[in-house]
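In terms of full-length UniProt numbering, the sequence shown opens at residue 1 and continues consecutively.
Cβ atoms here follow ideal geometry from the backbone N, Cα and C, with glycine treated the same way.
Note that the structure is predicted; figures quoted are calculated from it, not measured.
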Amino acid sequence: MSDPGAHDWSILDVDPLQQTVTDADAYVRTLMQWHFGPETGSPFWLKRRATLGFDPLTDVKSAEDLALFPNVVDEFRDIAAEDLVPRGLGESPKIAAVFESGGTTGRPKRFLMFEDWFTRYLAWAGRKAASGLGGSGINLLATTPSGPHMIGEVTVRQSHALGGKRFSIDIDPRWVKKLIERGQTEELRAYVDHLVDQTADILATQDIGMIQTIPILLTKIAERPELVELVRSKVKRIAWGGAHMDPDTRAILREEVFPGIPIVGGYGSTTILSVAVERKEEQPSGLATFDPFSPYVFFRVVDPDTGRPVPYGERGQIVMNHITKFALIPNNLERDTAIRVPAEDGHIGDAVADVAPVQTFEGTRVTEGVY
Numbered sequence: 001m002s003d004p005g006a007h008d009w010s011i012l013d014v015d016p017l018q019q020t021v022t023d024a025d026a027y028v029r030t031l032m033q034w035h036f037g038p039e040t041g042s043p044f045w046l047k048r049r050a051t052l053g054f055d056p057l058t059d060v061k062s063a064e065d066l067a068l069f070p071n072v073v074d075e076f077r078d079i080a081a082e083d084l085v086p087r088g089l090g091e092s093p094k095i096a097a098v099f100e101s102g103g104t105t106g107r108p109k110r111f112l113m114f115e116d117w118f119t120r121y122l123a124w125a126g127r128k129a130a131s132g133l134g135g136s137g138i139n140l141l142a143t144t145p146s147g148p149h150m151i152g153e154v155t156v157r158q159s160h161a162l163g164g165k166r167f168s169i170d171i172d173p174r175w176v177k178k179l180i181e182r183g184q185t186e187e188l189r190a191y192v193d194h195l196v197d198q199t200a201d202i203l204a205t206q207d208i209g210m211i212q213t214i215p216i217l218l219t220k221i222a223e224r225p226e227l228v229e230l231v232r233s234k235v236k237r238i239a240w241g242g243a244h245m246d247p248d249t250r251a252i253l254r255e256e257v258f259p260g261i262p263i264v265g266g267y268g269s270t271t272i273l274s275v276a277v278e279r280k281e282e283q284p285s286g287l288a289t290f291d292p293f294s295p296y297v298f299f300r301v302v303d304p305d306t307g308r309p310v311p312y313g314e315r316g317q318i319v320m321n322h323i324t325k326f327a328l329i330p331n332n333l334e335r336d337t338a339i340r341v342p343a344e345d346g347h348i349g350d351a352v353a354d355v356a357p358v359q360t361f362e363g364t365r366v367t368e369g370v371y
């Protein structure tokens, strides 16, 4: 039996100001005691332990050993949300939301976002991507999915940090994927135009200082000269995330369409309950590089056939890990590839650059859509 009082759990406390990892292996070993101890683990992991084929309490001694875990995220399509609550968090831990994946590879998966983790992650992200606009009172225009998608709530918190108002339009990425899969290109164009028209109305009538958006809408705004002028005259910062932006498009937007306006990307997934932030220092190639909130979230870039890391500078498939006392989501082979980049000093795992979707994933054709 695991007695909560018999362990020093303080190493699991999330520190948004953390610069380096002092003892990642000790962190991982303590985390195994937490998630697989009867008094602290979640019903899901306590039950799943018997089917793992190894004992996480004795066999997982380092961050590298997390590769022993199977990829369990598909099981999150059917798990009751209550079964994902670690008992060590107490009887009524504050939950910010239940978020869902975009459904790119099938039915949506569901994940719990605990308020404590959300607040600390956002504090780290705000520091990492510091814009100098916090508390400035500028208004945010969010042209992103909302509803069950994490980015919608992130933009709510962003507007609070800015001290201004949040204007928004809604995007249904699942409907877009259906239109693409059915070959309904005219309906897809009409839907995207509908989104841009709504964006145009807000830009024309409101004082917008920052835009949080997705690549396809940003490129469509760039095709309308009157919207380009509105953005140039009003907006101080553009942030994008979700679907991927190729390097040529990124360069044109930054250098030709919106010169002088910072365009900052984020790469994330609901399965890591966070977004990796674009590094301010570019690679010599000019590619955007993304760093996750290590050690709580880390990436590995691997050869999908062998599971071994590819050399730095080479392309491989991304394996995502979320390892906190709030959730254990290890060894998740994602539907994205990227160029492997060394992590920041003292951080575990890899940074990633030039992220792109795979064509097929586990026998299913990947439809990226707008997000």
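With the rule of 3 Cβ pairs closer than 8 Å, the region 47-60 does not count as touching the region 155-172. At a Cβ-Cβ threshold of 8 Å, I151 and T143 do not count as neighbours.
Burial check for H194: the Cβ neighbour count within 10 Å stays below 16, so the residue is exposed.
Unbroken alpha helix (DSSP H) runs of no fewer than 4 residues, entirely contained in the UniProt domain "AMP-dependent synthetase/ligase" (199-320), are found at 215-222, 225-234 and 247-252, following chain order.
Remark: C-beta atoms of E334 and V310 do not approach each other more closely than 8 Å. For the region 119-173, the full-length alpha helix (DSSP H) segments reaching 4 residues or more read 150-162 along the chain. Pairwise C-beta distances place the region 235-244 in contact with the region 212-221, as three or more of them are shorter than 8 Å. By the CB criterion at 8 Å, P295 and V21 fall inside the cutoff. By alpha-carbon distance to V154, the top candidate from V176, Y191, E115 and K177 is E115. Note on Y312: under 16 other CB atoms within 10 angstroms of its CB, so exposed under the neighbour-count rule. P330: not part of any alpha helix (DSSP H); member of the beta strand (DSSP E) spanning L328 to P342, first to last residue. Rounded to whole angstroms, the gap between the alpha carbons of W124 and A130 is 10 Å. Under DSSP, no beta-bridge partner is assigned to V73. Three or more pairs of CB atoms, one per stretch, sit closer than 8 Å, so the region 37-51 contacts the region 77-90.
Non-local beta-carbon contacts of V196 in its own chain, meaning distances under 6 Å to residues more than five positions away in sequence, involve K220 in chain order. The region 269-281 makes contact with the region 95-110, as at least three CB pairs between them are under 8 Å. Burial state of E278 is buried, judged by a 10 Å Cβ sphere holding 16 or more other Cβ atoms.
Boundaries of the alpha helix (DSSP H) around P43: P43 to R48.
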